[in-house]
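Residue numbers (this note's numbering), protein chains in the order written: chain B, 35 to 436; chain C, 2 to 179.
Note that CB positions come from ideal geometry on N, CA and C, so glycine has one too.
Accompanying notes for the structure given below.
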């Protein structure tokens, strides 16, 4: 059963059948009618929408239309104001990822034009400082998609023109003006930086960030990352430390207690094996993990062969005759995985240390009393680390590998 | 399949280079389909450039477009498009966003500060084919989807997509094939 008619009012009365509306996180839709659907034995009055992008049908309970943020397409004046904001110099990006994530999620679920604009501008500014993690890259693309769709719908221009105009504001081409005011042309460097060197977006230490490209590094990188970005890096690594599993914390508490109990002489073989695991870390400064994009390849970090071909490219034999080779990927810094493995090995070595019966009980007590564990940890820092002989017996395999 | 149709004279080695680069960038077949005539009715008001959307509408071409096919028209004359809120900017091509056809111009290539004809045309074509697969502009200057007027576009002549765009295009291609 369907009741269709242009006089039907939807929501607060501002929406009618046939209107083009914006569905938050979905894009531009057209209201096709109001129908009564029987769902789970109940009659529901639903508003049917057709998504312009792919023609998909969306049904929303009529009572919830305003609650989900369904709204009319923005006016031309609102779009003009949007471009003013896009072309204006932006604030510094929010570097605290937790705050950023919460704010961006709220903005996107709100479904407003301003929210999508703020997300796009904030993430765009951030992308000039450091590469975006995968989730934020998706969010950036979603915000861009929604804005491009709305600009095209509001201004009645093709999508490609809307996309180009959006980027004329974000990356102004030489000579571009906004309301008579010339815009600063886009550069490879961070806007406002006086350095003449080419700056690629800095690579962050995000553990969930994958290096997006497979290219060899061929740009000069500025020495200094913004101080705020460095501070945020430190914060994020601290947060990452706090996210360790409970098991690891428990193991650490046990290890500390055990070390307090029975200090043993360092076996030569064990010392050798431990040293081997830290050789790579010691050889390269830890700042490499915070290196800019391109200096550290994802393949290298994972220990993959450095000359791996791009996935989209066909095998060399399959590629048409005369296809040029891509530049070979340069050698990269020691992998993050390797340092994690070394850390795990160290923890395992400590845990496998033979303990006196009392040690385990003390460890359990230490687990319950966090302050006590912290105290014990401080004490352990003073005492030299001494792995047991039992570990040394297991080490030859690692030595052989080395 | 990406089909290349020329709207003017192009050296065969340039066309082969473009076909190879597109094939490598998107992992799908690319062939040189043939030639078509440039519709004079698509000339813009100033009679010096062609109107992109109008050109795609009025082009007389028999090339069939199947589910996952994309047609790229290559031309050497300057292109223009409707003026947007920011005014007129540089125009290297006009794709039907998420659609099947795009027109790419080689106008300006080989001049000072621009890429050579073969490399530049391949990169421009890859960029606009990306728009046909619903890809948006990318902030990574090494990605082919970086805005074509930005210095990064000429700084990195390799035709390659960033990981995000590559995965998105692969998803779209699979969806198109199914």
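Cα-Cα separation between residue i and residue j, rounded to whole angstroms
i, j, result
"residue 164 (chain B)", "residue 57 (chain C)", "39 Å"
"residue 45 (chain C)", "residue 52 (chain C)", "5 Å"
"residue 133 (chain B)", "residue 153 (chain B)", "13 Å"
"residue 204 (chain B)", "residue 142 (chain B)", "20 Å"
"residue 76 (chain C)", "residue 106 (chain C)", "5 Å"
"residue 118 (chain B)", "residue 212 (chain B)", "8 Å"
"residue 42 (chain C)", "residue 218 (chain B)", "37 Å"
"residue 108 (chain B)", "residue 130 (chain C)", "29 Å"
"residue 156 (chain B)", "residue 172 (chain C)", "27 Å"
"residue 147 (chain B)", "residue 176 (chain B)", "13 Å"
"residue 169 (chain B)", "residue 131 (chain B)", "11 Å"
"residue 178 (chain B)", "residue 384 (chain B)", "50 Å"
"residue 188 (chain B)", "residue 381 (chain B)", "60 Å"
"residue 77 (chain B)", "residue 98 (chain B)", "15 Å"
"residue 202 (chain B)", "residue 210 (chain B)", "7 Å"
"residue 47 (chain B)", "residue 66 (chain B)", "16 Å"
"residue 123 (chain B)", "residue 138 (chain B)", "19 Å"
"residue 96 (chain C)", "residue 375 (chain B)", "48 Å"
"residue 373 (chain B)", "residue 136 (chain C)", "36 Å"
"residue 214 (chain B)", "residue 120 (chain B)", "15 Å"
"residue 54 (chain C)", "residue 378 (chain B)", "59 Å"
"residue 84 (chain B)", "residue 110 (chain B)", "23 Å"
"residue 174 (chain C)", "residue 28 (chain C)", "10 Å"
7 Å Cβ cutoff, residue i in contact with chain A
i, result
"residue 202 (chain B)", "The structure shown contains no chain A; its protein chains are B and C."
Beta-carbon contacts of residue i that lie in its chain and below 7 Å, excluding the five residues immediately before and after
i, result
"residue 160 (chain B)", "127 and 166"
"residue 49 (chain C)", "79"
"residue 18 (chain C)", "119 and 123"
"residue 15 (chain C)", "118, 119 and 122"
"residue 116 (chain C)", "110, 124, 155 and 158"
"residue 66 (chain C)", "72 and 101"
"residue 176 (chain C)", "none"
Sequence-distant residues of the same chain with beta carbon closer than 8 Å to residue i, five excluded per side
i, result
"residue 80 (chain B)", "68, 69, 70, 71, 93, 94, 95 and 96"
"residue 182 (chain B)", "193, 196, 197 and 200"
"residue 180 (chain B)", "56, 59, 61 and 150"
"residue 185 (chain B)", "113, 116, 191, 196, 199 and 200"
"residue 30 (chain C)", "2, 3 and 24"
"residue 32 (chain C)", "2, 3, 4, 5 and 20"
Cβ separation of residue i and residue j, assumed to be a contact under 8 Å, to the nearest whole Å
i, j, result
"residue 64 (chain B)", "residue 86 (chain B)", "6 Å"
"residue 116 (chain B)", "residue 151 (chain B)", "6 Å"
"residue 160 (chain C)", "residue 127 (chain C)", "5 Å"
"residue 90 (chain C)", "residue 150 (chain C)", "7 Å"
"residue 178 (chain C)", "residue 68 (chain C)", "7 Å"
"residue 103 (chain B)", "residue 145 (chain B)", "3 Å"
6 Å CB neighbourhood of residue i in its chain, flanking five on each side removed
i, result
"residue 147 (chain C)", "139, 153 and 154"
"residue 163 (chain C)", "139, 141 and 144"
"residue 125 (chain B)", "none"
"residue 474 (chain B)", "Chain B is shown from 35 up to 436; residue 474 (chain B) falls before or after that span and cannot be answered."
Any non-hydrogen atom of the ligand SAH closer than 6 Å to residue i Cβ
i, result
"residue 374 (chain B)", "Questions concerning the ligand SAH fall outside what the structure shown contains, since it holds no ligand whatsoever."
*Inter-stretch contact at 8 Å, needing at least 3 Cβ pairs: the stretch 101-118 of chain C / the stretch 163-176 of chain C*: By the Cβ test, the stretch 101-118 of chain C is not in contact with the stretch 163-176 of chain C, since fewer than three Cβ pairs between them sit closer than 8 Å.
*Between the stretch 76-87 of chain C and the stretch 96-103 of chain C, do at least 3 Cβ pairs fall closer than 8 Å?*
The stretch 76-87 of chain C vs the stretch 96-103 of chain C: no contact.
*Sufficient close CB pairs (3 or more, under 8 Å) joining the stretch 3-10 of chain C to the stretch 34-41 of chain C*: Touching, yes, given that three or more Cβ pairs across the two stretches are closer than 8 Å.
_For the structure I just gave you, are there three or more beta carbon pairs, one from the stretch 116-123 of chain C and one from the stretch 66-73 of chain C, closer than 8 Å?_
Under the Cβ criterion (8 Å, minimum of three pairs), the stretch 116-123 of chain C does not count as touching the stretch 66-73 of chain C.
_If we require 4 or more residues per run, which alpha helix (DSSP H) segments fall completely within the stretch 7-53 of chain C?_
13-27
_Report the start-end ranges of each beta strand (DSSP E) in the stretch 87-153 of chain B that is 3 residues or longer and not cut off at the edges._
Those beta strand (DSSP E) runs which fall completely within the stretch 87-153 of chain B and span 3+ residues are 91-95.
*alpha helix (DSSP H) runs contained entirely in the stretch 81-167 of chain C, provided each spans 4 or more residues*: 118-133 and 152-156
_In chain order, what are the residue ranges of uninterrupted alpha helix (DSSP H) at least 4 long that sit wholly in the stretch 168-200 of chain B?_
168-189
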